[in-house]
Every structure is written in C-alpha cells, then in structure tokens.
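Worksheet: one structure, shown below.
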DNA sequence: GTATGATCTAATCATACGTATGAATGATCG
DNA sequence: CGATCATTCATACGTATGATTAGATCATAC
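Residue numbers (my numbering), protein chains in the order written: chain A, 1 to 204; chain B, 205 to 408.
Below, the structure written as structure tokens:
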C-alpha cells in the first residue's frame, strides 16, 4: 500500500468516477492510472483486463444496493403498498447522494451492449423476480406483462435521473435541483406509484 | 454515386446503426466505412471529422421528430389533455418502429457527456419550453419545477425503452414485446399520464 | 539477515485510432 | 477533344490504446 488506501482501491475509485463521467469506451486505462497516481501495469496486475476491471467496479456498487433493496422489500412485508415497492427500488441508490457511484449506475443502465449488459443482467436477474412479485402483491389486478413493462419504465426513469443529474440544474435554469435527495425521492415515488396504479388499457 | 444511394447517405445510414448498437466511442470510422463499403477517407471528405459526422447523424433524425412533435402539440389545441401532450412527445419516435434510429435516439438520450450533450441540448431547447407550457395548460395546478421534473422522468422512460427494446424480449422471457408499437404507446401513455396527474407532495 | 512471495515500476509490444495527403477516376460542358 | 470539378482511392502519419515483460522494491517469516 502506498498512501492510506491500497492501489487496488484507488484504481476502483478513480475508474468508477471516470466511467461514470466519460463512459467505459471513453475512459482509457491511462486516464485511470494517471489520476489514481499508480502505474499503468497495476491495472493488469490487480484486474487482469479492462473488462474485468469494469466488472469489478460495477460489482462493488450494485451488490450492496441490491442487498439493501431486498432488505427494504422484506421490511415492507407480504402486502406492501406500491409506494413501498418503489421506494425499495429507488432509495438504496438515491440515498448515495451525488457520489460518483450515481453516474456509474446511470451509465450501466444506459449501456445496453456487449458485456456491460451481461454484468447488469446478472445483478438484475437476482432481484427482478422479487420486485415483480412485490408489484404483484401490491397491485394484484395488474397483468404480469404489464408489471414487467412498468418495472422497466421505472428503471428507465431512475437511470435517466442518475445519468443527467449533474447537468440538470443547468438544463432547467436551476429550477430542478437533484441534490436534494429527499425531495427527489418523494417526487419519484409520487410519479411512479401513480404510474403503477394507472388503469391498464390494452391497445384498441 | 456508386449503387442506388450516395456515399454520403450510406455513411449516415451505417453510422446511425452502429452508433446505436455500440455507442459513439465504441464505433470507429473504420467500422463504419467497412460496412458501408466506402473508402475510409470518404468520411473526412463528406463530414470533415467524426464529431461532425455524429452531429449530422443525430440532426438528420431529431429534426423531423421534433417538427412532428410540435405539429401534434399544435393539433391538440390550447387546452390539451395530458394524454395528448404525452402522445405528442412519444408517438413521433415510437412510430418509427424498430428502425436503427430508435437505438440511436436511446443512445443520444443516454450519453450525457461531451458534445453529444451539446447537440442534444440544442434540439431539446427548441421544444422543451413548448412541452412545459403544454403540461402547464393540461395540468395548471402543477408547480413549474414539478412540471420540468416530470418531463424529465418522461424523457427517461422513453430513452430506456428505446435503448433496451432490442434485448427486452430476451430479458423478460418473451413477456414484453416492444415491436407492437401501438400497444407500447398505449402502455406508456397510460403510465406516464397517471404519473403527471399524481398529487404533488413536497418532501416532509 | 536473508529468503520468499506479493506488489510495483519502466519500458516495450502490436494494434487501432482519427486525420491528412496526393494521385486516380469520372462526370459535365466548352 | 481537352479542361474542370467533385468524388473516390490507396496509403501514410502521429498518437493512443490494452496488454505484457523483466526486473526492482517491499513486507513478512524463518
């Protein structure tokens, strides 16, 4: 170890931030090692390849978030309100304030290619069924396909909020302030819960 | 011109598809020219740089979509229902079925960096105010900031649907089929309109 | 104190990138 | 015909990329 934190951790931290800011393809190993103040070869020593570095960066953040999600779902009991389900999905991410992790999560959710998708799918599969069940418990009249669609919509809303939160104030002339996580959570829960409760009208 | 379509158009078509599939950084000019069957230098001849090629690719699709959006907004009159506003936002994109443009749009909306953001902002600024006004007309009790937030949420939902539509069937075991645009539109309008109508509860 | 294994480093590899060049090609028109 | 112009072409430049190597350095155990 060099300073206070190990080389491995410093790489993970800087990689997380840069991946979130500039994307996976847009961030080179040299960008990462330069900012982390470590040798270029350290990445390959600790993580073998860039791909498995990406994997490690994502894994480190998603795993605890999903654990917390399942905890909140558990705490909501067998007959949750849809608000509780939505909160269980959102809060574990949103409560991280504006940490670099937030941009990373947005990036992951917005990168439907290659193996980023594989990594994401691995972690999603672990909780998707639980959330589908929870929505079913909260809104039993909702058709199974519609449940999945609306979970998909919720994921999109969250992904977008995460991805754009750092430019949103400028985009809206300061009207929208994503740094107030409490208010943001309340807005999202209100909006999404109403969406989940919407009458299901098949196309005509 | 070589075949039926000009070199310039072939570059734009292939670039649009590859940018949508693999991202802007993940697509090289060599990828594009190889698939398009044109010479590498043709890109620089017709578009000067890769950046302005990206610009041209986006411009070609977003401009007509936004024109159509404003038409639909216009057609809804001065007192639209929120459903009409949502439709005016969604339909011009969704009616393009599963063309490569759809993945491109998703990619643009999910790339909040560098100059992709600038390009996007240019086209967004041209219609954002109109949609904010339309939401205000449909739901006058909604606070201005909340209007913008919910428009932002709607953009995220659409972006996610566009980005992931090509893997969604596999992700959901075939339960969700994004190719039925009519049904998809109905689902989105129902979900999002309900979200817009949700009571606005400030954080407590 | 030195042997040992883990960690770090500088230097280098082959390849891929965006861009630029100058010559060939082909159509248009006097 | 020959001149002009836009387009296409093969090729090269300089740089950046992910990966690898062999050796230096460090901590710990004997």
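Idealized CB from N, CA, C, for every residue including glycine.
Buried or exposed: residue i, going by 16 or more other Cβ atoms within 10 Å of its Cβ?
i: residue 34 of chain A; result: exposed
i: residue 129 of chain A; result: exposed
i: residue 303 of chain B; result: exposed
i: residue 311 of chain B; result: buried
i: residue 206 of chain A; result: No information on residue 206 of chain A is available, as it lies outside the stretch 1 to 204 that chain A covers here.
i: residue 192 of chain A; result: buried
i: residue 278 of chain B; result: exposed
i: residue 314 of chain B; result: buried
i: residue 5 of chain A; result: exposed
i: residue 394 of chain B; result: buried
i: residue 345 of chain B; result: exposed
i: residue 118 of chain A; result: exposed
i: residue 398 of chain B; result: buried
Is there at least one Cβ from chain A nearer than 8 Å to residue i's Cβ?
i: residue 303 of chain B; result: no
Taking Cβ positions only, does residue i come closer than 8 Å to chain B?
i: residue 5 of chain A; result: no
i: residue 21 of chain A; result: yes
i: residue 163 of chain A; result: yes
i: residue 159 of chain A; result: yes
i: residue 86 of chain A; result: no
i: residue 57 of chain A; result: no
i: residue 112 of chain A; result: yes
i: residue 135 of chain A; result: no
i: residue 34 of chain A; result: no
Tell me the rounded alpha-carbon separation between residue i and residue j.
i: residue 305 of chain B; j: residue 7 of chain A; result: 43 Å
i: residue 159 of chain A; j: residue 76 of chain A; result: 24 Å
i: residue 347 of chain B; j: residue 249 of chain B; result: 50 Å
i: residue 81 of chain A; j: residue 138 of chain A; result: 5 Å
i: residue 375 of chain B; j: residue 13 of chain A; result: 30 Å
i: residue 203 of chain A; j: residue 382 of chain B; result: Low local confidence applies: a pLDDT of 47 at residue 203 of chain A is under 50, so the model's placement there is unreliable, and no value is given.
i: residue 92 of chain A; j: residue 187 of chain A; result: 16 Å
i: residue 227 of chain B; j: residue 320 of chain B; result: 11 Å
i: residue 127 of chain A; j: residue 68 of chain A; result: 11 Å
i: residue 276 of chain B; j: residue 403 of chain B; result: 26 Å
So residue i and residue j are in contact, right, with Cβ under 8 Å, and what is the actual spacing, rounded?
i: residue 388 of chain B; j: residue 298 of chain B; result: 6 Å
i: residue 328 of chain B; j: residue 339 of chain B; result: Their Cβ separation, rounded to whole angstroms, is 15 Å, which puts residue 328 of chain B and residue 339 of chain B out of contact at 8 Å.
i: residue 220 of chain B; j: residue 113 of chain A; result: That belief does not hold up - the Cβ atoms of residue 220 of chain B and residue 113 of chain A are roughly 15 Å apart, past 8 Å.
i: residue 244 of chain B; j: residue 257 of chain B; result: Not really, about 12 Å apart at Cβ, beyond 8 Å.
i: residue 103 of chain A; j: residue 168 of chain A; result: Wrong, their Cβ atoms sit about 12 Å apart, outside the cutoff.
i: residue 222 of chain B; j: residue 231 of chain B; result: 4 Å
Inset, instruction - Let me know the alpha helix (DSSP H) ranges lying completely inside the segment 329–407 of chain B, each 4 residues or longer, listed in chain order. - result: 348–368, 372–375, 385–401
Legend entry - Every unbroken alpha helix (DSSP H) inside the segment 15–97 of chain A [4 residues or more]: 29–36, 40–47, 50–75, 82–94
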